[in-house]
Every structure is written in structure tokens, then in C-alpha cells.
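A.B. asks:
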Ligand code: TYD
């Protein structure tokens, strides 16, 4: 397995649907670029052309997708994304700021779809040739509050968003469990707080990381 790259910094944002990852990522990107850093802002699923096609299938295909097939589709997106976009950027010394990564697979396909979380993680690590983030920001939000936010902002739900609150509660506790298992990698923040307060905490941690 080829694990860490040489020079860049890999930051991922995780959390349930409606936790505010995109807003925080946008603010952080603007701040980092303002400080003269080169930032690759990307996401899974869908960070590449191939990924867009896979994203369309996993999020919008009508009808059932078997849980293992779903896990493999996310892993395929990840393999291509990491190999063609993320790792080259890290090798160039850039900061990669990514919405969702392997922790989403463990939480959604593991706890949500009830596959074995260790197997899902191993599948992702194989797909990504062992690459782990330097920092993972977990935006934690109670699933009821997350649902209220989604209701206010969406007219249509994708396949995962449309799952019952109970599914999202399992996903949430899986994320919290992952964060407890790897306290050095994770920064867990209460996503119910004001946007600027959350951003402040993220910047403090990122400042330590980039020196
Ligand atoms: P997206 O619109 O990117 O959600 P959000 O804006 O909340 O980040 O859709 C991604 C969906 O895919 C989201 O519901 C979580 C799910 N997902 C998985 O189930 N497994 C994965 O490995 C990833 C990366 C995402």
C-alpha cells in the first residue's frame, strides 16, 4: 500500500446531509487562497468526469441498488478520483479540501446499509491505495435538525437523503464512533452553532496543520 504522500495536505469534511459542509468548505477555501495557498476543492462522489456518471447512478438511479453494489460504486468513484486528481495535487504540494471521503462509506454503507464497517473501510483503503486524510472535520448535527435544514433548502431528495431519520441516526452515531477511534485525525464540531464560530474552530486547527 502506498500511504501518505510527500508534501501536500489532505483535509476532508464529513457529516450527515444538511450539516453545512459545503458552506464551511467554501469559507475555508477563500481564507486559504487569500493566504496565498493553492487549494484543490473537490468532493466525492463526483469529483471527476467518470465520478459524475457514477454520482448520477448512486444518487439518482430509480429503483434498488444492492448494498454491496452501492459500496463498490462509491469505491470506484474514489479510486479514480484519488488516482487522477487528489494524489497528483498532493504530490504538487497543494492543499486538498474535499467534501466526503472514506468515512462516509463506513458510515453510510456500513452503519446505514448494514455492511461490515471494517470490510467497507478496507475496500475504500484498497481503492485509494491507503491514503488517509491529515485532518477530517466532522460536522455533527442531530438528524432531526439536519432534516429541518434539508426541508428548508430542497424541493427534491436524492436516494440517500430520502432515507428515514432512523437511517440518518445510525449514520450519525457511526461518524461519532469513527471520530472517537481516531481522535488525532478528527476534529468534531457541533454543526448547530453559528457558521462563523464553526469556521473559527476549523481555521485554528488548519493553521496548526499548515504551520
Ligand atoms: P451530496 O449531495 O454530495 O451530499 P452532501 O451535500 O450532504 O455532502 O451527496 C452525497 C451522498 O452520498 C450523501 O447522502 C452521502 C452519500 N455517500 C455515501 O453513501 N457513501 C460515500 O462513500 C460517499 C462519499 C457519499
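In the numbering used here, the protein residues as written are 1113 to 1323. The beta-carbon is built from N, C-alpha and C at its ideal position, and this holds for glycine as well.
(1) Rank 1159, 1165 and 1298 by C-alpha distance to the C-alpha of residue 1251 and give the top, closest one.
(2) To the nearest angstrom, how far is the alpha carbon of residue 1320 from that of residue 1176?
(3) Could you tell me if the beta carbon of residue 1217 falls within a distance shorter than 7 Å of some heavy atom in the ligand TYD?
(4) Considering only DSSP beta bridges, list what residue 1141 is partnered with.
(5) Work out the CA separation of residue 1212 and residue 1239 for me, nearest whole Å.
(6) If you measure from the CB of residue 1273, is any heavy atom of the ligand TYD nearer than 7 Å?
(7) So what does DSSP say about residue 1082, is it helix, strand or coil?
(8) How about residue 1291 and residue 1300: do their beta carbons lie closer than 8 Å?
(9) Rounding to the nearest angstrom, what Cα-Cα distance links residue 1189 and residue 1167 in this structure?
C.D. replies: This is what the structure holds:
(1) What you label residue 1251 is simply residue 139 of the chain shown in a count that begins at 1. Of the candidates 1159, 1165 and 1298, the one whose C-alpha sits nearest the C-alpha of residue 1251 is 1298.
(2) Here residue 1320 is taken as the residue at index 208 of the chain shown, counted from 1. Here residue 1176 is taken as the residue at index 64 of the chain shown, counted from 1. C-alpha of residue 1320 to C-alpha of residue 1176: approximately 44 Å in a straight line.
(3) On the chain shown, residue 1217 is found 105 positions in, with the first residue counted as 1. It does: the Cβ of residue 1217 is within 7 Å (strictly closer) of some heavy atom of the ligand TYD.
(4) Counting from one through the chain shown, the residue named residue 1141 turns up at place 29. Answer is none; residue 1141 lacks a bridge partner.
(5) The sequence position of residue 1239 within the chain shown is 127, counting from 1. The sequence position of residue 1212 within the chain shown is 100, counting from 1. Cα atoms of residue 1239 and residue 1212: separation of roughly 15 Å, rounded to the nearest angstrom.
(6) Here residue 1273 corresponds to residue number 161 of the chain shown, with the count starting at 1. At least one heavy atom of the ligand TYD is nearer than 7 Å to the Cβ of residue 1273, so yes.
(7) Residue 1082 is absent from the structure shown; the chain starts at 1113 and stops at 1323.
(8) The count along the chain shown starts at 1 and reaches residue 1291 at position 179. The count along the chain shown starts at 1 and reaches residue 1300 at position 188. A distance below 8 Å separates the beta carbons of residue 1291 and residue 1300.
(9) Translated into positions along the chain shown, residue 1189 becomes position 77. Translated into positions along the chain shown, residue 1167 becomes position 55. It is roughly 8 Å from the alpha-carbon of residue 1189 to the alpha-carbon of residue 1167.
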